[in-house]
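Novice: The structure under discussion is supplied below as structure tokens; questions concerning it will follow.
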Amino acid sequence: MSKPKVLIADELAPEAVQIFQDRGVDVEVKTGLKPKELIEIIAGFDGLAVRSATKATAEVIAAAKDLKVIGRAGIGVDNIDIKAATARGICVMNTPFGNNITTAEHSVAMMMALARHIPLADRTTHDGKWEKSRFVGVELYAKVLGIVGCGNIGSIVADRAQGLKMKVIAFDPFLSPERAVDLGVEKVELDTLLKRADFISLHTPLTDQTRGIINAEALAKCKPGVRLINCARGGLVVEADLKAALDSGQVAGAALDVFSEEPAKTNILFNNPNVVCTPHLGASSTEAQFNVAVQVAEQMADFLLHGAVTNAINMASVTVEEAPRLRPYMKLAEQLGAFAGQATETGIRKVIVEYEGHVAGLNTRPLTAILLQGLLKPQLDSVNMVNAPLVAKERDIEVSEVKTDREGDFHTLIRLSVESERWRRDVAGTLFADHRPRVVEIKGIKIDAELGPNMLYVTNEDKPGFIGRLGTLLGDHKVNIATFALGRSAPGQDAIALVEIDGALPNHLIDEVQALPGVKQAKALNF
Numbered sequence: 011m012s013k014p015k016v017l018i019a020d021e022l023a024p025e026a027v028q029i030f031q032d033r034g035v036d037v038e039v040k041t042g043l044k045p046k047e048l049i050e051i052i053a054g055f056d057g058l059a060v061r062s063a064t065k066a067t068a069e070v071i072a073a074a075k076d077l078k079v080i081g082r083a084g085i086g087v088d089n090i091d092i093k094a095a096t097a098r099g100i101c102v103m104n105t106p107f108g109n110n111i112t113t114a115e116h117s118v119a120m121m122m123a124l125a126r127h128i129p130l131a132d133r134t135t136h137d138g139k140w141e142k143s144r145f146v147g148v149e150l151y152a153k154v155l156g157i158v159g160c161g162n163i164g165s166i167v168a169d170r171a172q173g174l175k176m177k178v179i180a181f182d183p184f185l186s187p188e189r190a191v192d193l194g195v196e197k198v199e200l201d202t203l204l205k206r207a208d209f210i211s212l213h214t215p216l217t218d219q220t221r222g223i224i225n226a227e228a229l230a231k232c233k234p235g236v237r238l239i240n241c242a243r244g245g246l247v248v249e250a251d252l253k254a255a256l257d258s259g260q261v262a263g264a265a266l267d268v269f270s271e272e273p274a275k276t277n278i279l280f281n282n283p284n285v286v287c288t289p290h291l292g293a294s295s296t297e298a299q300f301n302v303a304v305q306v307a308e309q310m311a312d313f314l315l316h317g318a319v320t321n322a323i324n325m326a327s328v329t330v331e332e333a334p335r336l337r338p339y340m341k342l343a344e345q346l347g348a349f350a351g352q353a354t355e356t357g358i359r360k361v362i363v364e365y366e367g368h369v370a371g372l373n374t375r376p377l378t379a380i381l382l383q384g385l386l387k388p389q390l391d392s393v394n395m396v397n398a399p400l401v402a403k404e405r406d407i408e409v410s411e412v413k414t415d416r417e418g419d420f421h422t423l424i425r426l427s428v429e430s431e432r433w434r435r436d437v438a439g440t441l442f443a444d445h446r447p448r449v450v451e452i453k454g455i456k457i458d459a460e461l462g463p464n465m466l467y468v469t470n471e472d473k474p475g476f477i478g479r480l481g482t483l484l485g486d487h488k489v490n491i492a493t494f495a496l497g498r499s500a501p502g503q504d505a506i507a508l509v510e511i512d513g514a515l516p517n518h519l520i521d522e523v524q525a526l527p528g529v530k531q532a533k534a535l536n537f
């Protein structure tokens, strides 16, 4: 049997090559390849190891006839076409924890540089100027640091800031009160954080919920003279709004390691004396480069030689024999988790997964993992089927499974219950004869709905005329309805509508639905 062969297409620590060779994997290092060059040679490789420079596009993946795994030495996989890789059965792995310390330390360094005007003071001093009075800074001592996203990196920044005797407050919907106490931070809502923070540091992934989270409206709520640090993702900040706030003095300064377009050759924030910029150096340290290189080489070698799956983005740990039986259930579990995750806006304390009937006799561990991935994905872009249980544990989310062989109303059923500090939400689904997932219960209300790519979820009071008003509103906005599923607890009581539509709904239309008489909640959901 021939040895598997891996192409290292970006600069990795030399230890990665040694690991592949020691494990019995042939390896070639060819960096700086142009897209056409990569397409010409990729067909002969079983594995592709990259950082951020090489783009594993759909065209590259189409040409990769033998490719089985793509390993990303780092956390972000924006340079890999996950959909194309999944369609081809290619496992995509990353190393989500290898550069946490480095990125956190860079954030603290940027905060200090911003507070004391170090970059500009250094530049003018080298130019022979001596401008002591120009560069009067501020202390970090006793200042309030607001952390947006208190996960792996944010919690490290919080720890370092407390060492500097700063007061740390944090906004993170997935941060439990118990975890906040352990970290020594005060959990607050975003508006409260904006109003109280002297410094704001961003550590949240870029999702539909967080894109543009720092915009003109948010900046107007801040303290005059606030300072912003972003070493997470460029799209979190509306750069034009930040420039206007800097020009007006509402924001005293910003330290940015990431930008909306990268590599950033030009940007409206460049050459502003109150802006500190670095070229996406958050993960650039000797230790981090070593860690991610070693981890990706070990993961890829284990996968190619033994079939072991670690930190996979697009697949769970499932044996060959289990795969055909579990595949439709994995789709159902992903949809149930994604439904609950998109409908959840407060911290999660407990997750209960109930398996009834036929599914209870299967290997449910990958099902629970993919369900947790769907639940946590709206707020955590690094979560996957493998690390989702660990992420839940780190955030003090209690996860439990309940299995029963008995059959109720359905031959097979998965029920997800999510508990926060204030409420419990339940959603259940089954497989019909064609193995297509169906949602059959939401918050105790019976319903029968197949989830499409774009859904409108509405909870309301059961009153005559509501369905007509909702349909008219959507029709007036030229929104085509594909399916319309309804359910209610009792006449005149709580009701639910799940509407499949032919495209994404704009935010202003969601607001109009929310304003309809009797509506309690209106959400756009994507699957």
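So the mapping is simple: this note's numbering equals the position in the sequence shown, first residue as 1, plus 10. The beta carbon of each residue, even a glycine, is placed where N, CA and C say it ideally should be.
1) If you draw a straight line from the alpha carbon of Ile520 to that of Leu535, how long is it in whole angstroms?
2) Helix, strand or coil for Gly164? Go by DSSP, reduced to three states.
3) Looking at Leu336 and Ala314, is the spacing between their C-beta atoms short of 8 Å?
4) Starting from Leu315, trace the alpha helix (DSSP H) in both directions and tell me its first and last residue.
5) Would you list, in sequence order, the uninterrupted beta strand (DSSP E) runs of no fewer than 3 residues that lie entirely inside the segment 122 to 200?
6) Does Val35 come out as helix, strand or coil in the three-state DSSP assignment?
7) When you compare only the Cα positions, how much space is there between Ala348 and His445?
8) Report the residue from His487, Glu47, Pro501 whose alpha carbon sits nearest the alpha carbon of Ile511.
9) Between the C-alpha atoms of Ile452 and Pro273, what's the straight-line distance to the nearest angstrom?
10) Using only the alpha-carbon positions, how far apart do Gly384 and Gly351 sit?
11) Could you please give me the residues that DSSP links to Gly42 through a beta bridge?
12) Which runs of the beta strand (DSSP E) spanning at least 3 residues fall entirely within the segment 356 to 444, listed in chain order?
13) Tell me the rounded alpha-carbon separation between Phe442 and Ser410.
14) Ordered along the chain, which non-local residues of its own chain (more than five positions away) have a Cβ less than 7 Å from that of Thr440?
15) Would you kindly work out how many angstroms separate the C-alpha atoms of Cys241 and Leu266, rounded to a whole number?
16) Can you look up Val330 in the DSSP assignment and give me helix, strand or coil?
17) If you compare alpha carbons, which of Asp132, Leu185, Leu480 is closest to Gly357?
18) Taking 7 Å as the line, does the beta carbon of Pro338 fall inside it for any heavy atom of the ligand FAD?
19) For Glu38, which residues of its own chain have a beta-carbon under 6 Å away from its beta-carbon, when the five flanking residues on both sides are left out?
20) Using the C-alpha atoms, what's the distance from Pro463 back to Ala514?
21) Are the segment 65 to 72 and the segment 85 to 96 touching by the rule of at least three beta carbon pairs closer than 8 Å?
22) Report the residue from Gly54, Lys78, Ala53 whose alpha carbon sits nearest the alpha carbon of Arg98.
23) Quick one: what does DSSP say Thr288 is sitting in, helix, strand or coil?
24) Kindly list the residues whose CB is nearer than 6 Å to the CB of Ala532, restricted to its own chain and excluding five residues on each side of it in sequence; keep chain order.
25) Strictly by DSSP, which residues pair up with Tyr467?
26) Exposed or buried, Ser538, counting other C-beta atoms within 10 Å across all chains shown (16 or more means buried)?
27) Name, in chain order, the residues that DSSP records as bridge partners for Leu58.
28) Which of helix, strand or coil does DSSP assign to Thr354?
29) Note down, in chain order, each residue of its chain lying with its Cβ closer than 7 Å to the Cβ of Ala293, except the 5 sequence neighbours on either side.
30) Exposed or buried, which one is Gln299 when buried takes at least 16 other CB atoms within 10 Å?
31) Quick one: any contact between the segment 249 to 259 and the segment 279 to 297, if contact means 3 or more CB pairs under 8 Å?
32) Shortest alpha-carbon distance to Leu212 belongs to which of Ile128, Ala226, Ala264, Glu227?
33) In the DSSP assignment, the alpha helix (DSSP H) including Asn517 goes from what residue to what residue?
34) On the DSSP bridge assignment, give the partners of Asn240 in chain order.
35) Between Asn517 and Asp218, what straight-line distance do the alpha-carbon atoms span, to the nearest angstrom?
36) How long is the line joining the alpha carbons of Asp413 and Arg375, rounded to whole angstroms?
Specialist: In brief:
1) 11 Å
2) helix
3) In the sequence as presented, Ala is not what sits at residue 314; that position holds Leu. Cβ atoms of Leu314 and Leu336: not closer than 8 Å.
4) 296 to 316
5) Taken in chain order, the complete beta strand (DSSP E) segments of 3 or more residues contained in the segment 122 to 200 are 154 to 158, 177 to 181.
6) coil
7) 19 Å
8) His487
9) 45 Å
10) 7 Å
11) DSSP lists no partner for Gly42.
12) Correct list: 358 to 367, 408 to 414, 422 to 430, 434 to 441.
13) Rounded to whole angstroms, the separation of the alpha carbons of Ser410 and Phe442 is 26 Å.
14) Phe420, Thr422, Leu423, Arg448, Val450
15) 6 Å
16) Per-residue confidence for Val330 stands at a pLDDT of 49, beneath the threshold of 50, marking its modelled position as unreliable; no derived number is given.
17) Leu185
18) Of ligands this structure carries none, so the ligand FAD is not represented either.
19) Leu17
20) 9 Å
21) Yes: at least three Cβ pairs fall under 8 Å.
22) Lys78
23) coil
24) Val468, Ile520, Val523, Gln524
25) Leu508, Lys533
26) Examination of residue 538 is not possible in this model, given that the chain is present from 11 through 537 alone.
27) Leu17, Ile80
28) coil
29) Gly84, Asn109, Thr112, Thr113
30) buried
31) Yes, since at least three Cβ pairs between the segment 249 to 259 and the segment 279 to 297 fall closer than 8 Å, the two stretches touch.
32) In terms of CA proximity to Leu212, Ala264 leads the group Ile128, Ala226, Ala264, Glu227.
33) 517 to 524
34) Secondary-structure assignment with DSSP links Asn240 through a beta bridge to Leu212, Leu266.
35) 12 Å
36) The sequence given here places Lys at residue 413; Asp does not occur at that position. Their backbone Cα atoms lie some 12 Å apart in a straight line.
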